[in-house]
Amino acid sequence: MRKVLVTGAAGFIGFHLAKRLLEEGDEVIGIDNLSTYYDVNLKKARLSILKKYSNFKFIKIDIADREKTAELFNQEDFEIVVHLAAQAGVRYSLINPYAYIDSNIVGFLNILEGCRHKKIKHLIFASSSSVYGANTLMPFSVHHNVDHPISLYAATKKANELMAHVYASLYKIPCTGLRFFTVYGPWGRPDMALFIFTKAILEDKPIDVFNYGKMKRDFTYIDDIIEGVVRIIDKIPKPNPNWSGEKPDPSSSFAPYKLYNIGNNNPVELLRLIEILEECLGKKAKKNFLPLQPGDVPATYADIDDIEKDVGFKPKTPIEKGIRKFVEWYKEYYKIG
Numbered sequence: 002m003r004k005v006l007v008t009g010a011a012g013f014i015g016f017h018l019a020k021r022l023l024e025e026g027d028e029v030i031g032i033d034n035l036s037t038y039y040d041v042n043l044k045k046a047r048l049s050i051l052k053k054y055s056n057f058k059f060i061k062i063d064i065a066d067r068e069k070t071a072e073l074f075n076q077e078d079f080e081i082v083v084h085l086a087a088q089a090g091v092r093y094s095l096i097n098p099y100a101y102i103d104s105n106i107v108g109f110l111n112i113l114e115g116c117r118h119k120k121i122k123h124l125i126f127a128s129s130s131s132v133y134g135a136n137t138l139m140p141f142s143v144h145h146n147v148d149h150p151i152s153l154y155a156a157t158k159k160a161n162e163l164m165a166h167v168y169a170s171l172y173k174i175p176c177t178g179l180r181f182f183t184v185y186g187p188w189g190r191p192d193m194a195l196f197i198f199t200k201a202i203l204e205d206k207p208i209d210v211f212n213y214g215k216m217k218r219d220f221t222y223i224d225d226i227i228e229g230v231v232r233i234i235d236k237i238p239k240p241n242p243n244w245s246g247e248k249p250d251p252s253s254s255f256a257p258y259k260l261y262n263i264g265n266n267n268p269v270e271l272l273r274l275i276e277i278l279e280e281c282l283g284k285k286a287k288k289n290f291l292p293l294q295p296g297d298v299p300a301t302y303a304d305i306d307d308i309e310k311d312v313g314f315k316p317k318t319p320i321e322k323g324i325r326k327f328v329e330w331y332k333e334y335y336k337i338g
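Shown next as structure tokens:
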């Protein structure tokens, strides 16, 4: 039985990961600040499920609070840290940039410092497909350079990768960064397209379809994401003996550091997503076609060769099945029909 710290345990991915680890018999310490970025009741409902497990302990902490985060690491004896807490969302970073610096930069530094002083066995942290920014060569590979982010959210996630590398290099903390690609599914975030579309269609309201529908996303079902994370927990990175400073590979290092994409490896057009959603809901969407939003990218597509080779990860959930499961959860949670 491992003792695992899951930050952002009341969040979408954090909840699902904590639940999976608890079911497998691990002891999980879950932390979250229960921010009001979206409906806190949804976060509390996720937590109420986790609290039914005797091997779960929840502590309300804001990771941007240096003293309280240090105290957490001093008091709890975990071996593994899975850091998922963050201020999420590309669009919100245009409105409230400071929230991203506080949570994603200051908060991550506090987690890294805790890992350093406790000599954690493995730090797994959430990055994002948004780090690929202005890149257009598809599929996006962890071996590609990612120096042109186009949102502050993306810049903070790129910064997390750099900060983790510094700590892996200086203090030999094994660090693995996971670039998630458009995660969706039951208990999802209300600021994500699938959630917004479902709510609007059921309420007979129009949906905003950006870039006039010419969008592609590597929609990845939550169970597939969690399977990837669970496999990576035991894959503690080691220094790459073939790494060269003359031709530096961004995905590995002379330090115990590794980056992986976790995606569906099968981009889907936004209009196809809407079509499947209409079928599942039995209702047509009223579409409001708009140009591409600032900070957004027209397409994402994950190259998952590295994670497939290293831990045998392969996504298994087709978009049709995933959306149906989301709709079933949505109707049950909101008591619709």
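Per the working numbering, the very first residue in the sequence shown carries number 2; after that it's consecutive. For glycine and all other residues, C-beta sits at the position ideal for the given N, C-alpha and C.
Limits of the unbroken alpha helix (DSSP H) element including residue i
i      : result
Thr199 : Ala194 to Leu203
Asp225 : Ile223 to Ile234
Asn243 : Run containing Asn243: none; DSSP gives neither H nor E here.
Gly115 : Gly108 to Lys119
Limits of the unbroken beta strand (DSSP E) element including residue i
i     : result
Thr8  : Lys4 to Thr8
Asn42 : Here Asn42 belongs to no beta strand (DSSP E); instead the alpha helix (DSSP H) covers Val41 to Leu51.
Asn1  : Nothing can be reported for residue 1, as the shown portion of the chain is limited to 2 through 338.
Ile30 : Glu28 to Asp33
Nearest to residue i (by Cα), restricted to the options the options
i      : options                           : result
Trp330 : Tyr185, Val91, Ile62 and Pro98    : Tyr185
His166 : Pro191, Phe196, Pro207 and Leu110 : Leu110
Lys53  : Glu24, Ser36 and Tyr38            : Glu24
Gly323 : Tyr261, Thr221, Tyr258 and Ala11  : Thr221
Ile1   : Ala89, Ser152, Asn289 and Thr177  : No answer is possible for residue 1: the residues shown for the chain start at 2 and end at 338.
Phe141 : Ile320, Val298 and Glu204         : Val298
His118 : Ile275, Ile174 and Gly246         : Ile174
Val82  : Phe255, Ala256, Asp235 and Lys315 : Asp235
Met2   : His17, Thr8, Pro242 and Gly26     : Gly26
Ile305 : Met139, Met193 and Gly115         : Met139
Within 7 Å, strictly: CB atoms of residue i and residue j
i      : j      : result
Arg21  : Ile337 : no
Gly189 : Asp219 : no
Ile30  : Lys61  : no
Ala19  : Ala11  : no
Ser131 : Ala156 : no
Gly15  : Ala65  : no
Ile32  : His123 : no
His84  : Thr183 : no
Phe198 : Leu278 : yes
Leu179 : Ala127 : yes
Reduced DSSP category for residue i - H, G, I as helix; E, B as strand; rest coil
i      : result
Ser128 : strand
Arg92  : coil
Ala11  : coil
Arg190 : coil
Val167 : helix
Tyr334 : helix
Phe74  : helix
His383 : Lying outside 2 to 338, the shown extent of the chain, residue 383 is not represented and no answer is given.
Leu18  : helix
Leu85  : coil
Val210 : strand
Tyr1   : Residue 1 is absent from the model: the chain starts at 2 and stops at 338.
Along the chain, which unbroken stretches of the beta strand (DSSP E) at least 3 residues long are found entirely within the region 260-317?
288-290
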